[in-house]
Amino acid sequence: MTMVNSPLPTDIDRLWERRVQLGPADRDAHATVVAALELLDRGEARVAQVDPDTDDVIVDVRAKRAILLSFKVFDITEASVGEFRYRDRMPLKQRFDGVRVVPGAIARWGSYLAPGVVLMPSFVNVGGYVAAGSMVDTWATVGSGAQIGRNVHLAGGAGIGGVLEPPNAAPVIIEDDAFIGSRSMVVESARVRTGAKLGAGVILTRSTRVFDAETGDELPRGEAPAWSVCVGSTRIKKFPGGEFGMPCMLVLKRLPEGGSHDKLALEDILRDHGLAG
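Mapped onto our numbering, the consecutive letters of the sequence shown carry residue numbers 1 to 277.
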């Protein structure tokens, strides 16, 4: 992980140094933070991204600081949408250019949704970034700062964890063309690489051990390899009190690069391994 040169103003860093003294009455600080979050809301700044040359995750610490400062300088206000009432420091997002928003979907201001995104009844937190053509399906969540690539499908109930503190911590990265199965959880700076498909109920954290089912090789922890089909599994570990199954992730199959993430094809692969139907 490396740091990025931020498009946000350096005033954010100066405010961060005296954040303990800040509050809603600091109108200049309020204006600076509003301007910073507007850049996040429009997608002109983002919490993190992958460097195409080095493949490193680069974090915009200043963007994280701006979000954290908002909790200091924004006052709690009331809002309503129809019969629904809200009371929060962070207002709801109002910019949905080219985005389909199904009733029940919630996105907070300071998140970015590219044209072509579909939000089923779901939740996208501040600092979240969802690129073009992706779907956040029913009851799925995109945590604060999580970065979702193009043409990604977050299936029903999938949870993409968020992280704001410390500001230099890398968020969860879901790269282009990935599929995150129903009720799967990807948290703690884990990374799902391009074209990877996670079956239902997979738990992937930064420390999750990952194994190749065909070779038995251990792969980098906390990552779903590019163009692979992955499922949750267990490995046996000895403790003083006995042997217990510890969670891990298993790479069942490698897919051709650029292959479709057709859900029926994924179900066929899982069925071949006795994991579907």
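Glycine residues also receive a C-beta, built at the ideal position from the N, C-alpha and C atoms.
Between the beta-carbon of Gly116 and that of Gly104 there is about 20 Å, and that puts the pair past the 8 Å contact cut. At the C-beta level, Val59 and Asn151 stay beyond 8 Å of one another.
Taking a 10 Å sphere around the C-beta of Met249, we find 16 or more other C-beta atoms and assign the residue as buried. Exclusion of the five residues before and after Gly128 leaves Ser111, Val142 and Ala146 as the residues of its chain whose Cβ lies within less than 6 Å of its Cβ. Selection Val210, Asp212, Val231 and Thr215 evaluated against Leu198 yields Val231 as nearest (Cα-Cα). If the five residues before and after Gly157 are omitted, its C-beta is found closer than 7 Å to the C-beta atoms of Trp139, Ala140, Ser182 and Arg183, all from its own chain and listed in chain order.
Arg206 sits away from Ala196, with the two beta carbons spaced by 8 Å or more.
Exposure of Gly23 is indicated by the presence of fewer than 16 other C-beta atoms within 10 angstroms of its C-beta. Beta-bridge partners assigned by DSSP to Ala224: Val192.
Under the three-state reduction of DSSP, Glu243 is assigned to strand. Ala224 is positioned such that its CB atom lies closer than 8 Å to that of Arg193. Residue state for Ile12 is assigned as helix, using DSSP reduced to three classes. Nearest to Arg95 by C-alpha distance, out of Ser6, Ala45 and Glu38, is Glu38.
Arg42 sits exposed, since fewer than 16 C-beta atoms from the chains shown fall within 10 Å of its C-beta. For Arg85, the enclosing beta strand (DSSP E) begins and ends at Phe84 to Asp88.
The residues Ala196, Val251 and Arg254, in chain order, have a CB closer than 6 Å to that of Ser228 in the same chain once the five nearest residues on each side in sequence are set aside.
Distance from Val124 to Met135 at the Cβ level is roughly 12 Å; contact not present, criterion being Cβ atoms closer than 8 Å.
Look at Phe74 here: in three-state DSSP terms it is coil, with no helix or strand label. Straight-line measurement puts the Cα of Ala35 at about 27 Å from the Cα of Gly133. Taking 3 residues as the shortest admissible run, the segment 36-74 contains the following complete beta strand (DSSP E) segments, listed from N- to C-terminal end: 48-50 and 57-59. The residues Thr141 and Met185, in chain order, have a CB closer than 6 Å to that of Gly159 in the same chain once the five nearest residues on each side in sequence are set aside. Within the DSSP bridge table, the entry for Ala146 names no partner. Within the model, the alpha-carbon separation for Arg85 versus Ala79 is close to 6 Å. Looking only at Ser233, Arg19 and Glu188, the smallest Cα-Cα distance to Ala213 is reached by Ser233. For Asp212, the enclosing beta strand (DSSP E) has its first and last residue at Val210 to Asp212.
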